[in-house]
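*Asks:* Chains as they are written, first to last, in my numbering: chain V, 65 to 548; chain Z, 4 to 489. One structure, pasted below without further comment.
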Amino acid sequence: MNVTRRQFLQRTGAATAGALLGPGLFAHPLVRSAMADTIGDRYFIVLFLDGGNDGQNTVIPRSNGSANLRTLYDGYRRTGGGGIAVPAAALAATAIGNCPGTGAQLGLHPGLAGFGGRPGVGGLKALYDAGKVAVIQGCGYPDYSLSHEESRVIWQTGNPLGVPGLTGTGWGGRHLAHPAYGYGGTQVPAVTIGSSVAPELRQSGTSVLAIDRLEDFGFPYDYDFDDDTATKREAFRRLHQDLAAGDALPSKAYLGASGHATLVSSESYPQLHDLYQADRASWSAQYDGLDRSTGYDLREIAKIIYGSAQGVPNIGARFFALANGGYDTHSDQGAAQPTGQHFGLLAEIGAAIKIFYDDVASMGLAHKVCLLVWSEFARRIPQNDNGTDHGSQGPMFVVGGSVNGGVYGNHPDIANLDWNENTVYRQAPGPHRSTDFRDVYGTILTRWVNMPPAAVAADILPVDTEGPASDYWQTANFNLGFLP
Amino acid sequence: MVNEGATLGAAAARHLLRRTGFGALARDVSRYTGLSRGAAADRLVGFKAKAFKPGGSYFEQAHDKWVTYILKAKFPLMEKLALFWHDHFAVAIAKVIDVKRMGLYVGLLHQHCNGNLKTFVKAMNKDAAMMEFLDTVRNDKGIPNENYARELQELFTLGVYDLAGQPNYTQADIVQIARAFTGWTYDGSNKPRFDDYRHDYAAEFPERGPKTLFAGRPGFPAGGASFASPEGATEIDQVVDVLFQHTDSQGKNTVARRTAYRLCEYFAHPQPSLAFVDQIVAHSGFDVSFDIRRLVRSLLCHDEFYASAAGPPYTEASRKSVRWPIDYVVGTLRILGLKPRGRYQVIQGGSYRRVFDHLGNMGQTLMDPPSVFGWDWETSWVSSSTLLARYNFARDIIMARWGGGALKTDRLVNTGLTDPGAIVDAVTDLFGVRDQLSPAERQVFVDYLTENGTVPSIDLRNWDVRNTKLNGLFALVMQSPAYQLH
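Structure representation (structure tokens):
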């Protein structure tokens, strides 16, 4: 049994605790909703599909349109043993809008409708039909990298050219640490659900929590000697807050800030679990029925959002990150059958997102929540033996009550593969123009997080100034239309 | 500079033992103090590698066997190196599944840990667990799988970019290597096997033929380095031979420089200078011999390695490295003379949480790194989740006073001490961080013992005082920023 914040308050009295915590920590985050240029009382979540999700089998052509897409698709992907082609007929139930560039009819992989007979059935497809999902095709960057590590870092830092000033920090992290529009040193504006801080939230100033499960998050005092707990706490706080803040050794200052954030949050966050379980038990059970890590991780975010909206003090998180692994489907990828590997991966996120959306909708907060789904690359257009190798541009999803649902961006140009049999990033206007993933981030930062476009362009996602102008991203478009 | 003759003081000896082992015990520090750097390094690297293979009927059992092996290690540096190579040639049970196969892989990590790197890479090419993990077994004639070919260059030998930021290879090189590796698999006893009929591939290459690497690269023939027959084992060994001839944009051996750089990051600090790297390569002749033992010996004789021994006030030269979870856990257990007990290998007395779970919560399950890149080091080890796991471990350690008397603080600290400052010095000495604390940090520990000066003297003979304050101090030291670094 840990000494939790509740027990601590009972023993020491709230006034003492307040004095220890310091005034900055009690600045209620909702106060920010009255201020311009912040995310206010809204929430942003980023979900990473780790390993390179097969985009070509995620948003699939059902007809040819003006670019022969379905016929080409059938040429690249086989049916029968080891084949991964999803037949056009299997896509009728998951049809979405047409490809803006080619007019081809599109369908989502059937897995995105969720697992049959489990909670969240209907999945992402049901949310699409309700107008809550933007499908953004063909997202990527010029001169794509086929290395998981390199491409993941490019997406997380928003920095394809390796501009030195942008390395080492995430695109979201740069917002969190922004001197004018970000957060101060004692605030905890973001939470990663997982054991380490998501690189897209990485930064230098404020604290980003990494929490696996809220209920396990309590500070471990020696429970035989309660009388000594306040003294222990104060010594710990001084070591981590007072001393580390002034330490010239960066790693030690970093450890200190993280240790202090851990202490304070270990006192405020666990109660969110209890609150949610008490008030929303039937919702919690829905995620249980899904029995998948992404669902469980999204439930932790739902707990924080619920508690935050209920006004629980010391909860300031507005940004969240989580990841789902297993997308590196070099082998045994499967086609449309529910036992297939890729089906299982997509069904997991489709169903989990559906339950999560319904959960926050029933809190009355669907219009305050925006979820972005991305992967470090898509996969090779022709299949290999029974899977796919690393590829280039792929789709992103943006989900939320305020999202303008529909299909955005063009399908990758699968008629003209490069020598490596991947699609090429196309800068030129036309039916195959690609979407720079930074435009998606920029749209979120300007239209959801409320940062002025000029500040985003200057400090978060500067346009490329290196390389031949025709190849690179020279004009930011921070209004792709999927957010109001 | 590599300086073999410099004499080790106690602080330098403690630093050397911390970095090459798991926690520095006082008796070892005194044995190494006064030795020359060269003599001390010889003692440490001079072990004969033993191919330790953790086995068991289930994964946690094999994992615990490895942890116990590290805890009891006669040559801690062998384990430090095996862990380095585990991270370098990362393979995870999550994909391999088979415990025995993982054990054989860990055996290779041990067997070659201070041997010849080229031989090591050639052995890794044919390791069954590796073949599963990076899809060599799924790399077939006609339908290639480039996974292993890519990582062989990116992670095991060259790196995507050299230390000057220039690319080391192209996608064409990956394709050529993938061709050479087609047809490899393993048999029922995990021995490598070459299936000739699955070998070589692609419409452009209807006939088997030579593979060509690094066309147009300085240091290689204009058309690239070609190698051909015989196909099979000779061919994939030739791939490695060519990779080890690769020179970077500054004309230095790429494999030697990159490997040395990573070892400097691992043993010294996260931003080693290029001079450090190049000097130890030159001194050891690693770019010719690829003898790991000699490279590590040169590293352990270099000034820049010892510069990071210094305590506060810190400078650029005295950068610290965040301890890996395995180092934090095993180092603490060694210092306190504790060992996990029972079938489930728990620290008895506290939560009875398994050491396996403690390590997993800190972000490091052995034999299950998170990806092909191994673990992220340094501040990536640090988050509220992983720090909380370290704090939980610290609490379980002090609760081990109930675990059949396993933690005997009265045998670790002289209970005759009454001066709070002297008690703090004794405890921080025990944990090896006394010389890493600023005066202000030391004062926090003193204030904790004295309730901000209101209790000037501590009676450690009193059971209650000892268990409250001495155990409390133990926990605070284990939770302090300084103890997370080394």
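All C-beta atoms in this analysis are idealised placements derived from N, C-alpha and C, irrespective of residue type, glycine included. This structure is a prediction, so every number in the text was calculated from the model and none was measured.
In terms of residues, what are the limits of the alpha helix (DSSP H) holding Z:Tyr151?
*Replies:* 150 to 154
*Asks:* Does DSSP put Z:Leu74 in a helix, in a strand, or in coil?
*Replies:* helix
*Asks:* By how many angstroms is the C-alpha of V:Ala325 removed from the C-alpha of V:Gly234?
*Replies:* 19 Å
*Asks:* Thinking C-alpha only, which one of V:Gly375, V:Ile508, V:Leu210, V:Met427 is nearest V:Asp101?
*Replies:* V:Ile508
*Asks:* What are the residues of the segment 413 to 444 of chain Z that lie near chain V, defined by any Cβ-Cβ distance shorter than 8 Å?
*Replies:* Ser441, Ala443, Glu444
*Asks:* So, helix, strand or coil for Z:Pro195, using DSSP?
*Replies:* strand
*Asks:* Which runs of the alpha helix (DSSP H) fall wholly inside the segment 118 to 144 of chain V and span at least 4 residues, in chain order?
*Replies:* 133 to 140
*Asks:* Cβ of Z:Glu307 less than 8 Å from any chain V Cβ?
*Replies:* no
*Asks:* In chain order, what residues of the segment 365 to 392 of chain V put their CB closer than 7 Å to some CB of chain Z?
*Replies:* none
*Asks:* I'd like the list of long-range same chain contacts for V:Ala91, defined as Cβ closer than 7 Å, with 5 residues on each side in sequence excluded.
*Replies:* In this predicted model, V:Ala91 has a pLDDT of only 35, less than 50, meaning its place in the structure is not dependable; the value taken from the coordinates is given anyway. Cβ within range, chain order: n/a, list empty.
*Asks:* Measuring only between beta-carbons, confirm whether Z:Pro147 sits less than 8 Å from chain V.
*Replies:* yes
*Asks:* Could you name the residues of the segment 373 to 388 of chain Z whose beta carbon sits closer than 9 Å to any beta carbon of chain V, in the order they occur along the chain?
*Replies:* Pro373, Ser374, Val375, Phe376, Asp379, Glu381, Thr382, Ser383, Trp384, Val385, Ser386, Ser387, Ser388
*Asks:* Below 7 Å, is the gap between the Cβ of Z:Tyr451 and the nearest heavy atom of the ligand NAP?
*Replies:* In the structure on display, the ligand NAP does not appear, and there are no ligands present to speak of.
*Asks:* State the start and end residues of the unbroken beta strand (DSSP E) segment that holds V:Val463.
*Replies:* 458 to 464
*Asks:* State yes or no: is the beta carbon of Z:Ser483 nearer than 8 Å to at least one beta carbon in chain V?
*Replies:* yes
*Asks:* Could you spell out where the alpha helix (DSSP H) holding V:Lys367 opens and where it closes?
*Replies:* 357 to 373
*Asks:* Does DSSP put Z:Val102 in a helix, in a strand, or in coil?
*Replies:* helix
*Asks:* What first and last residue would you give for the alpha helix (DSSP H) that runs through Z:Val299?
*Replies:* 295 to 302
*Asks:* Identify which residue in V:Gly161, V:Arg302, V:Gly222, V:His454 has its Cα closest to the Cα of V:Asn484.
*Replies:* V:His454
*Asks:* DSSP three-state label for V:Cys163, please.
*Replies:* coil
*Asks:* For a minimum of 4 consecutive residues, which ranges assigned as the alpha helix (DSSP H) are wholly contained in the segment 343 to 426 of chain Z?
*Replies:* Listed in chain order, the complete alpha helix (DSSP H) runs (minimum 4 residues) inside the segment 343 to 426 of chain Z are 358 to 365, 387 to 402, 412 to 415.
*Asks:* Are any of the Cβ atoms in chain V nearer than 8 Å to that of Z:Glu157?
*Replies:* yes
*Asks:* Quick one: give me the first and last residue of the alpha helix (DSSP H) that Z:Pro267 is part of.
*Replies:* Inspection of the sequence shows that residue 267 of chain Z is occupied by Cys rather than by Pro. Where Z:Cys267 is concerned, the enclosing alpha helix (DSSP H) stretches over 257 to 270.
*Asks:* Closer than 8 Å by C-beta to Z:Ala485: which residues in its own chain qualify, once you throw out the five before and the five after it? Chain order, please.
*Replies:* Val436, Gln439, Leu440, Glu444
*Asks:* Using CA coordinates, which residue listed in Z:Tyr35, Z:Phe308, Z:Ile283 is at the minimum distance from Z:Leu298?
*Replies:* Z:Ile283
*Asks:* Under 8 Å, Cβ to Cβ, is there at least one residue of chain V near Z:Thr215?
*Replies:* no
*Asks:* Could you tell me whether any Cβ in chain V is nearer than 8 Å to the Cβ of Z:Lys323?
*Replies:* Yes, Z:Lys323 counts as interfacial toward chain V.
*Asks:* By the 10 Å Cβ neighbour count, where 16 or more other Cβ atoms means buried, how is Z:Arg291 classified, buried or exposed?
*Replies:* Here residue 291 of chain Z is Val; the residue named in the question, Arg, does not match the sequence. Around the C-beta of Z:Val291, fewer than 16 other C-beta atoms lie within 10 Å, and the residue is accordingly described as exposed.
*Asks:* Does the distance from the CB of Z:Leu80 to the CB of Z:Val124 come in under 8 Å?
*Replies:* no
*Asks:* Can you name the start and end residues of the alpha helix (DSSP H) that Z:Ile283 belongs to?
*Replies:* 277 to 287 is the extent of the alpha helix (DSSP H) around Z:Ile283.
*Asks:* Determine which residues of the segment 166 to 182 of chain Z have a Cβ less than 7 Å from any Cβ of chain V, and write them out in chain order.
*Replies:* Gln174
*Asks:* What residues in its chain sit with their C-beta under 6 Å from that of V:Thr122, if we drop five residues either side in the sequence?
*Replies:* His173, Pro459
*Asks:* How about V:Asn448 and Z:Pro147: do their beta carbons lie closer than 8 Å?
*Replies:* yes
*Asks:* Checking contacts by CB at 8 Å: is V:Ala83 closer than that to chain Z?
*Replies:* In this prediction, V:Ala83 has a pLDDT of 29, which is less than 50 and means its spatial position is unreliable; what the coordinates show is noted afterwards. No, because no Cβ of chain Z sits closer than 8 Å to the Cβ of V:Ala83.
*Asks:* Going along chain Z, which residues have a C-beta under 7 Å from V:Pro284?
*Replies:* Tyr394, Asn395, Arg398
*Asks:* When you compare the CB of V:Ala274 with every CB in chain Z, is at least one pair closer than 8 Å?
*Replies:* Yes, V:Ala274 lies at the interface with chain Z (some Cβ there is under 8 Å from its Cβ).
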